[in-house]
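One structure is given here, and the rest of the page talks about it.
Number of protein chains: 2
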Amino acid sequence: MTENLPKVRAPSIRDVARLAGVSHQTVSRVLNNHPSIRESTKARVLEVMEDLQYRPNRAARALSRGRSRTIGILSAQSSEYGPASSIAAIQDAAREAGYYVNTANLTTVDQESIEAALMHLMLQAVEGIVVIAPQVRVFDVLEQLSITVPFVSLQSTGHLDDHALSVDQIAGARLATRHLIDLGHRRIYHLAGPQDWIEAEARMRGFLDEMGAMDVPTTAPILGDWTADFGYHAGRELFGRRDFTAIFSSNDQMALGLMHAARDAGLDLPRDISIVGFDDIPEAAHFWPPLTTVRQDFAELGRRCIALLLSNLPGGEPIVDREPIMPRLIVRESTAPPAF
Amino acid sequence: MTENLPKVRAPSIRDVARLAGVSHQTVSRVLNNHPSIRESTKARVLEVMEDLQYRPNRAARALSRGRSRTIGILSAQSSEYGPASSIAAIQDAAREAGYYVNTANLTTVDQESIEAALMHLMLQAVEGIVVIAPQVRVFDVLEQLSITVPFVSLQSTGHLDDHALSVDQIAGARLATRHLIDLGHRRIYHLAGPQDWIEAEARMRGFLDEMGAMDVPTTAPILGDWTADFGYHAGRELFGRRDFTAIFSSNDQMALGLMHAARDAGLDLPRDISIVGFDDIPEAAHFWPPLTTVRQDFAELGRRCIALLLSNLPGGEPIVDREPIMPRLIVRESTAPPAF
DNA sequence: TGTTCACATGTGCACGGTCACAAATGTGAA
DNA sequence: TTCACATTTGTGACCGTGCACATGTGAACA
Numbered sequence: 171m172t173e174n175l176p177k178v179r180a181p182s183i184r185d186v187a188r189l190a191g192v193s194h195q196t197v198s199r200v201l202n203n204h205p206s207i208r209e210s211t212k213a214r215v216l217e218v219m220e221d222l223q224y225r226p227n228r229a230a231r232a233l234s235r236g237r238s239r240t241i242g243i244l245s246a247q248s249s250e251y252g253p254a255s256s257i258a259a260i261q262d263a264a265r266e267a268g269y270y271v272n273t274a275n276l277t278t279v280d281q282e283s284i285e286a287a288l289m290h291l292m293l294q295a296v297e298g299i300v301v302i303a304p305q306v307r308v309f310d311v312l313e314q315l316s317i318t319v320p321f322v323s324l325q326s327t328g329h330l331d332d333h334a335l336s337v338d339q340i341a342g343a344r345l346a347t348r349h350l351i352d353l354g355h356r357r358i359y360h361l362a363g364p365q366d367w368i369e370a371e372a373r374m375r376g377f378l379d380e381m382g383a384m385d386v387p388t389t390a391p392i393l394g395d396w397t398a399d400f401g402y403h404a405g406r407e408l409f410g411r412r413d414f415t416a417i418f419s420s421n422d423q424m425a426l427g428l429m430h431a432a433r434d435a436g437l438d439l440p441r442d443i444s445i446v447g448f449d450d451i452p453e454a455a456h457f458w459p460p461l462t463t464v465r466q467d468f469a470e471l472g473r474r475c476i477a478l479l480l481s482n483l484p485g486g487e488p489i490v491d492r493e494p495i496m497p498r499l500i501v502r503e504s505t506a507p508p509a510f
Numbered sequence: 171m172t173e174n175l176p177k178v179r180a181p182s183i184r185d186v187a188r189l190a191g192v193s194h195q196t197v198s199r200v201l202n203n204h205p206s207i208r209e210s211t212k213a214r215v216l217e218v219m220e221d222l223q224y225r226p227n228r229a230a231r232a233l234s235r236g237r238s239r240t241i242g243i244l245s246a247q248s249s250e251y252g253p254a255s256s257i258a259a260i261q262d263a264a265r266e267a268g269y270y271v272n273t274a275n276l277t278t279v280d281q282e283s284i285e286a287a288l289m290h291l292m293l294q295a296v297e298g299i300v301v302i303a304p305q306v307r308v309f310d311v312l313e314q315l316s317i318t319v320p321f322v323s324l325q326s327t328g329h330l331d332d333h334a335l336s337v338d339q340i341a342g343a344r345l346a347t348r349h350l351i352d353l354g355h356r357r358i359y360h361l362a363g364p365q366d367w368i369e370a371e372a373r374m375r376g377f378l379d380e381m382g383a384m385d386v387p388t389t390a391p392i393l394g395d396w397t398a399d400f401g402y403h404a405g406r407e408l409f410g411r412r413d414f415t416a417i418f419s420s421n422d423q424m425a426l427g428l429m430h431a432a433r434d435a436g437l438d439l440p441r442d443i444s445i446v447g448f449d450d451i452p453e454a455a456h457f458w459p460p461l462t463t464v465r466q467d468f469a470e471l472g473r474r475c476i477a478l479l480l481s482n483l484p485g486g487e488p489i490v491d492r493e494p495i496m497p498r499l500i501v502r503e504s505t506a507p508p509a510f
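Taken in order, these protein sequences are the chains called A and B. Sequential numbering from 171 applies to the first sequence in my numbering. Sequential numbering from 171 applies to the second sequence in my numbering.
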């Protein structure tokens, strides 16, 4: 009946040492795979550990080493497909590398909320931060709070490229735009994401670059908020005038909203209007019509993100990963040559 | 030029104490809002903290208190809308309560993967665990590894209800089924989720219960995997025979796949076939046709989940939250009376 | 004026690891 | 046998915080 004694302290390194007949330091060496430990000693210690169900205490370790082995993720809209996939990939990669991950969500993207989230992460003594959010403001706050841990952004910002790792959003947007131009479209709208999201800006730039390069006149992009609802409302207005034959939407959700509005307006897709999305969410293949879009490899992004971040941690040798991940155009049935 | 001296140790409680002319214990009391501290003393200490940019060291705290203030989430398919929303809500609620959250994803749901994920959480000394995954196996492993921390599951399992908190999936499924029956449908299929997911089972049970209660003959549900792709392939087969007039899908993604297959088969929705989903993902309102579905309040679920878990932690007074969250039927345009 | 008591503050150690350094043991050549 | 040196193991301090307990302080009361 010893099993339900109250408050049985978890076994410590010294308990193991006593039972194995060695010093606590020897146990510590076994834990850390120190090279000069006699095999027989090591085996004995390991056996005692097993018997005692010994688990190293992370807090103690973090305290004495001065390192938490934790990295933080600062994320906005974390239940959407893109961010959620990135987060999952980052967590997997971090765990693989022996790191723990802690996520702080931004409910709103104002100064105060960003500060609170960063504070939360810093209080945990995270060793590095991954930012999946509108960068510009976050970086301002990072600087303001004089946060000193290394950080990595999942999107290239242009001027902070040492910290950035990205899918080449510009190239992706150009692929999408070029696809529409190649089909013969000349009056193409762009439904962009929120201005302060780097991806949104990059995709917009890619769109404008390609249009310029191909000498196609452009109209001002419409600024959206990533949601299908916004796409729907924007669509209702756009399809009223119909002074265009194709739209490139900055993400799949907004593209879905556009399609909805198009049907409401009695338009036939893709005959009357071609639509291209961005992200290739798993649902996109089943939209009506199946959506032509640009696929990003989030898993790869997560892996490289962690590799980059860890390399910037003290002790690692800094690498600079400037090679962007190239997105792919997935052609489905939402695009066709213009009917007129 | 003192700002880039290497290795400036972060200020500790004693540094603050020295500058404020008090003992380290007094500083500690200020940190923990101890009642008997003179206002003036407290103010002085707080001021020094501000000056020094003092941040308490979480590892030291965890070590001396023996509590990590961290809870773990064990999640599968964490990039899908339901789990992702729950995770976000749980994180927010936990942060609110001063807790940290750490997520471990299951890549596969086999024994080994579950063990690895649980180990990862336990090594962090999480104080409690939230399970968002196929419960049955996870609970087996929990028991096997003799995990002793309290845990909460986001889904009711029937026999572990003290640990469970849930949207009443059965009631939700009955709402959906009843809606179809009320419209006049008598030959209704159910596209279920994976057998080992509690939600899937509960929704299936709700479907069968309601069909039984209304005296409508049923056919065996089809077991899917939550993905739109599966819905599509199941649909291709089902619409070949067309011995039914409505389908209740266990989630919105599979419903989307079904719709896709229905269009491929040249069917008119909802005239030829009515479809109901489950979850009300933000995109569902923009499907073609907009999807009738059952809405779950994930945010509320996350909040109550944390409340329940924290109450089970040592020190809290155990509450039992047996009141399930009631889901709501959202009627859109994917359902109509049968045409014949 | 001394006693009591609540409040405010200080002292020293424990938490469970790691680190720097010291000591013991083993090994091979002079 | 002895010394030099590599390998293996041990000793004690330290990381930053909280806890138990001791101590100091002032007001209320007899």
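Glycine residues also receive a C-beta, built at the ideal position from the N, C-alpha and C atoms. Here the structure is a predicted model, which means the values were calculated and not measured.
Below-8 Å beta-carbon distance, residue i vs any chain B residue
i	result
proline 219 of chain A	As written in the sequence, residue 219 of chain A is methionine, which differs from the proline given in the question. Closer than 8 Å: no.
glycine 427 of chain A	yes
threonine 318 of chain A	no
glutamine 281 of chain A	no
aspartate 385 of chain A	no
serine 182 of chain A	no
threonine 172 of chain A	Low per-residue confidence applies at threonine 172 of chain A: pLDDT is 32, beneath 50, and the placement is therefore not dependable enough to give any value.
Whether residue i touches residue j by CB criterion (8 Å)
i	j	result
phenylalanine 418 of chain B	alanine 346 of chain B	yes
valine 279 of chain B	valine 300 of chain B	no
asparagine 264 of chain B	isoleucine 284 of chain B	In the sequence under discussion, the amino acid at residue 264 of chain B is alanine, which differs from the asparagine named in the question. Cβ atoms of alanine 264 of chain B and isoleucine 284 of chain B: not closer than 8 Å.
proline 494 of chain B	valine 337 of chain B	yes
proline 452 of chain A	serine 504 of chain A	no
histidine 194 of chain B	isoleucine 183 of chain B	yes
alanine 229 of chain A	alanine 295 of chain B	yes
serine 256 of chain B	phenylalanine 448 of chain B	no
Test: residue i CB closer than 8 Å to a CB of chain A
i	result
valine 271 of chain B	yes
proline 364 of chain B	no
alanine 506 of chain B	no
leucine 244 of chain B	no
proline 440 of chain B	no
arginine 356 of chain B	no
Exposed unless 16 or more other CB atoms sit within 10 angstroms - verdict on residue i
i	result
arginine 159 of chain A	No answer is possible for residue 159 of chain A: the residues shown for chain A start at 171 and end at 510.
valine 490 of chain A	exposed
proline 205 of chain A	exposed
aspartate 385 of chain A	exposed
asparagine 272 of chain B	buried
threonine 397 of chain B	buried
proline 176 of chain B	At proline 176 of chain B the pLDDT is 41, less than 50, meaning the model places this residue with poor confidence and gives no usable figure here.
glutamine 223 of chain A	exposed
aspartate 434 of chain A	exposed
asparagine 202 of chain A	exposed
arginine 498 of chain A	exposed
aspartate 221 of chain B	exposed
Which of helix, strand or coil DSSP assigns to residue i
i	result
serine 512 of chain B	Only positions 171 to 510 of chain B appear in this structure, which leaves residue 512 of chain B out of reach.
threonine 172 of chain A	Interpretation of threonine 172 of chain A is limited by its pLDDT of 32, a score under 50 that renders its predicted location unreliable; the figure taken from the coordinates is listed afterwards. Three-state result, threonine 172 of chain A: coil.
serine 420 of chain B	coil
arginine 239 of chain A	coil
tyrosine 402 of chain A	helix
threonine 389 of chain B	coil
aspartate 262 of chain B	helix
lysine 177 of chain B	Note that lysine 177 of chain B scores 46 on pLDDT, short of 50, meaning its location in the model is unreliable and no value can be drawn from it.
alanine 509 of chain A	coil
valine 192 of chain B	coil
glycine 354 of chain B	coil
serine 444 of chain B	strand
tyrosine 269 of chain A	coil
alanine 362 of chain A	strand
threonine 462 of chain A	strand
glycine 298 of chain A	strand
Kindly confirm or deny that the region 357-375 of chain B and the region 414-434 of chain B touch, where touching means at least three C-beta pairs closer than 8 Å.
Contact holds: three or more Cβ-Cβ distances are below 8 Å.
Could you tell me whether the region 362-378 of chain B touches the region 406-416 of chain B, where touching means 3 or more Cβ pairs closer than 8 Å?
Cβ pair count under 8 Å is below three, so no.
With contact counted as at least three CB pairs below 8 Å, one residue from each stretch, are the region 423-431 of chain A and the region 398-405 of chain A in contact?
Verdict: yes, contact present.
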